[in-house]
Amino acid sequence: MDSLASIFQFGFFQNAFWAALMASITCGLVGTYIVSRRIVFISGGITHASFGGIGLGYFLGINPILGALIFGVLSALGIEFFTRKADVREDSAIAMLWAFGMAIGIIFVYLTPGYAPNLMSYLFGNILTVSAGNLLFMGLITLAVIAFFITFFRMILFVSFDEEFALTNNAPVRLFNLVLISLVALTIVMNIRVVGIILVMSLLTIPQAISNIFTRNFGTMMILSVIFAFIGSMAGLLFSYSFNIPSGASIIFALVILFGILKLGSVGLERLGKNMRLPRV
Amino acid sequence: MESLLEIRNMSAGYEKKVVLSNVNLTVNPEDFIGVIGPNGGGKTTLLKTMLGLLPPIKGEIVFNESMREGSHHHIGYLPQVNRIDKKFPITVFDVVRSGLMSRKRLVGRYSREENERTADLLQKMGIYALRKKAVGELSGGQLQRVLLCRALVNQPKLLILDEPNTYVDNKFERELYERLRILNKDMAIMLVSHDVGTITSYVKTIACVNRNLHYHPSNKISTEQLAAYECPIQIISHGQIPHTVLLQHDH
Ligand SMILES: Nc1ncnc2c1ncn2[C@@H]1O[C@H](COP(=O)(O)OP(=O)(O)OP(=O)(O)O)[C@@H](O)[C@H]1O
Ligand SMILES: [Mg+2]
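Heads up: the sequence lines are chains A and B, in that order. Residue 257 in UniProt numbering sits at position 257 of the first sequence, and the numbers go up by one each step. Residue 42 in UniProt numbering sits at position 42 of the second sequence, and the numbers go up by one each step.
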């Protein structure tokens with residue numbers, strides 16, 4: 001294994017570093033919203049629906065991520081709209097969208113003549129091949145997410161905790177739901193490059209599960225999640241580089257190990273002495 | 001004294017279904033109205049329409065000038081405790097001060113005055129010590145007090161409660177009713193309950209809701225009257241309540 005310092009001299013590694021940082025920020029913030037609001041399943045639906053866009057991208061010869069972006073945002077808005085308006089059972093509708101997106105994706109990939117390059121990196125993620133163009137795209141979304149969550153933090157918390165109460169206070173609940181679910185879709189799609197379709201939901205939930213060991217406060221949970229996601233991505237990045245395995249798998253592996261250690265540690269500490277409690281932030 | 005709001009000839013319900021029709025009701029500042037009626041009679045629908053969660057299908061709700069002034073919102077709402085997601089990562093203090101959001105612009109922070117007002121109210125309600133706890137760490141009764149603080153922090157002129165007694169034990173129920181009696185000196189209260197026997201000793205007047213609304217301008221109501229209002233309700237007398245004010249008709 002090369003020494004850490006020498007890795008950083010490679011351009012691709014610098015790109016990977018920035019990609020990991022931006023993935024951590026977006027997943028920390030947006031993931032906390034997803035977990036708190038219990039829309040993990042909805043987000044899973046959006047993720048898999050966007051695979052349809054990747055397939056379509058291959059078929060039409062456009063950038064697959066652009067296709068994923070369109071499918072992701074449209075399915076997010078569709079879910080938000082239909083689960084409120086129509087009399088559809090929410091979970092069955094989402095499961096259908098989930099499967100439908102995957103089916104479209106597979107069909108288009110097969111219809112595309114020749115070999116689909118990089119298909120594996122969309123499925124499993126490859127943070128080591130993130131290009132400067134990818135970074136620009138990630139940067140724009142990251143800025144949008146940061147700006148929105150900082151500016152409207154209080155209102156986001158208000159409409160998320162008790163939607164009905166927020167409505168009785170004339171809060172712009174529907175508008176916020178729409179913007180937030182769109183940001184969820186953007187975050188998912190931009191992180192497909194980093195951890196892949198299959199594992200992107202884990203990057204949006206495991207850091208939050210780790211933070212939840214230490215805090216029950218929305219804002220603190222966001223900050224801690226960013227930090228844990230970053231630790232996990234950096235550890236995963238090194239794994240990925242040293243053993244030549246897909247970055248998605250190694251990042252999630254690192255995060256689950258981190259969760260296991262901290263959870264066991266906290267349970268152990270609480271057993272050890274009843275007065276000795278973990279610091280709650 | 002001027003009334004707070006007037007419901008005029010209102011029909012209410014959902015897209016495909018009219019639940020309530022021809023409702024007329026005036027709420028005055030000193031009112032304490034017990035809302036009773038059978039399951040599915042439309043009590044929750046009535047409250048939701050008053051809170052602006054449902055648009056009236058016909059007729060109107062006219063709010064008095066004092067209920068509309070500024071961007072303030074003058075109805076406090078206490079939802080059922082079981083509607084709250086107890087796993088949500090939010091502290092007691094944040095829940096309570098979110099009751100002030102209706103007077104906030106979209107962005108900005110809570111002012112020092114607002115934080116102090118929140119702290120004062122928590123102190124008054126005896127839950128200041130819980131302020132840093134997450135809602136998931138509270139008992140049902142404590143959570144209900146937190147939600148009551150949220151409803152009160154913006155000093156509403158009307159407080160609306162939907163079956164506050166369903167998910168808390170008897171001790172908290174009694175405590176809550178006693179608290180409401182004191183609060184009623186400063187604001188009107190509308191309280192939905194199935195427990196007619198208990199609430200009649202606290203409320204001043206009764207509204208029977210079953211497709212229609214029959215207003216009964218006293219807290220003494222007999223089984224026969226309930227039948228006349230087409231409000232089939234079982235009246236259970238509670239032994240531990242000192243004076244049940246239900247009139248049993250003698251034969
Ligand atoms: N979201 C909804 N969409 C359509 N119909 C509804 C909806 N909510 C309630 N209803 C119907 O409206 C009617 C009145 O319901 P409502 O909840 O107002 O009754 P309630 O008096 O509060 O009953 P309960 O004592 O059980 O709480 C019922 O027949 C119910 O099925
Ligand atoms: Mg009801």
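Just so you know, even glycine gets a beta-carbon here, dropped at the ideal spot from N, CA and C.
query                                                                                                                                                                : result
Comparing alpha-carbon positions, which option in B:110, B:79 and B:34 lies nearest residue 53 of chain B?                                                           : B:79
What is the rounded straight-line gap between the Cα of residue 219 of chain B and the Cα of residue 231 of chain B?                                                 : 15 Å
Given a threshold of 16 other Cβ atoms within 10 Å of its Cβ, counted over all protein chains shown, does residue 317 of chain A qualify as buried or as exposed?    : Nothing about residue 317 of chain A can be read from this structure; chain A reaches only from 1 to 281.
Does DSSP put residue 215 of chain B in a helix, in a strand, or in coil?                                                                                            : strand
Using a beta-carbon distance below 8 Å, is residue 171 of chain A in contact with chain B?                                                                           : yes
Residue 134 of chain B bridges to which residues according to DSSP?                                                                                                  : B:91
Identify the contact partners of residue 202 of chain B in chain A, using a Cβ-Cβ distance below 8 Å as the criterion.                                               : Those do not exist, as residue 202 of chain B stays about 24 Å from chain A at its closest Cβ, beyond 8 Å.
Using the beta-carbon count (16 or more within 10 Å), is residue 267 of chain A buried or exposed?                                                                   : exposed
Is the beta carbon of residue 157 of chain A closer than 8 Å to that of residue 36 of chain B?                                                                       : no
Quick check on the burial criterion: 16 or more other C-beta atoms within 10 angstroms. Buried or exposed for residue 98 of chain A?                                 : buried
What first and last residue would you give for the alpha helix (DSSP H) that runs through residue 115 of chain A?                                                    : It is not in any alpha helix (DSSP H) - residue 115 of chain A carries neither H nor E in the DSSP assignment.
Give me the pocket residues for ligand 2, defined as CB within less than 7 Å of any heavy atom, sorted by chain position.                                            : B:43, B:44, B:162, B:163 and B:192
Quick one: what does DSSP say residue 237 of chain B is sitting in, helix, strand or coil?                                                                           : Its pLDDT being 45, under 50, residue 237 of chain B is placed unreliably in this model, and the value from its coordinates should be taken loosely. The answer is coil: DSSP assigns residue 237 of chain B none of H, G, I, E or B.
Strictly under 8 Å for the Cβ-Cβ distance: is residue 84 of chain B near chain A by that measure?                                                                    : yes
What are the residues in the stretch 105-125 of chain B lying within 9 Å of chain A by C-beta distance?                                                              : 106, 107, 108, 109 and 110
Is it a yes or a no for the stretch 184-196 of chain B touching the stretch 105-116 of chain B, going by three-plus beta-carbon pairs under 8 Å?                     : no
Closer than 7 Å: is that where the CB of residue 212 of chain B sits relative to any heavy atom of ligand 1?                                                         : no
Quick one: measure Cβ to Cβ for residue 171 of chain A and residue 187 of chain B, integer angstroms, because I've assumed they're closer than 8 Å.                  : Not quite, the Cβ-Cβ distance comes to about 22 Å (not below 8 Å), so this is no contact.
Using only the heavy atoms of ligand 1, determine whether one of them is closer than 7 Å to the beta carbon of residue 39 of chain B.                                : yes
For residue 90 of chain B and chain A, any beta-carbon pair shorter than 8 Å?                                                                                        : yes
Give me the Cα-Cα distance between residue 70 of chain A and residue 226 of chain B, rounded to the nearest whole angstrom.                                          : 59 Å
Whose C-beta lies closer than 8 Å to the C-beta of residue 41 of chain B among residues of the same chain, with five residues either side of it excluded?            : 209, 210, 211 and 231
For residue 250 of chain B, which three-state DSSP category applies?                                                                                                 : Here residue 250 of chain B scores only 38 on pLDDT, less than 50, and its place in the model should not be relied on; the value that follows carries that caveat. Residue state, collapsed to three classes: coil.
If you follow the beta strand (DSSP E) that residue 187 of chain B is part of, which residue opens it and which one closes it?                                       : No beta strand (DSSP E) contains residue 187 of chain B, which DSSP labels as neither H nor E.
So, residue 282 of chain B versus residue 160 of chain B, is the Cβ gap smaller than 8 Å?                                                                            : Only positions 1 to 251 of chain B appear in this structure, which leaves residue 282 of chain B out of reach.
Spatial neighbours of residue 177 of chain B within its chain, please: C-beta separation below 7 Å, excluding the five flanking residues on both sides.              : 202
Would you kindly work out how many angstroms separate the C-alpha atoms of residue 3 of chain B and residue 50 of chain A, rounded to a whole number?                : 55 Å
Let's see if you can read the secondary structure: which residues bound the beta strand (DSSP E) around residue 15 of chain B?                                       : Premise fails: residue 15 of chain B is in no beta strand (DSSP E) and is neither H nor E.
Should residue 301 of chain A be labelled buried (16 or more other beta-carbon atoms within 10 Å of its own) or exposed?                                             : Shown here, chain A extends from 1 to 281; a query on residue 301 of chain A therefore has no answer.
Check for me: the beta strand (DSSP E) holding residue 161 of chain B runs from which residue to which?                                                              : 158-162
For the alpha helix (DSSP H) containing residue 58 of chain A, name the first residue and the last one.                                                              : 40-60
Quick check: is the beta carbon of residue 83 of chain A nearer than 8 Å to any beta carbon in chain B?                                                              : no
Can you list, in chain order, the residues of its chain whose CB lies under 7 Å from that of residue 145 of chain B, leaving out five sequence neighbours each side? : 125 and 127
Provide the residue span of the alpha helix (DSSP H) that contains residue 115 of chain B, from first to last.                                                       : 112-124
In three-state DSSP terms, what is residue 212 of chain A?                                                                                                           : helix
Closer than 7 Å to a non-hydrogen atom of ligand 1 - does that hold for the CB of residue 17 of chain B?                                                             : yes
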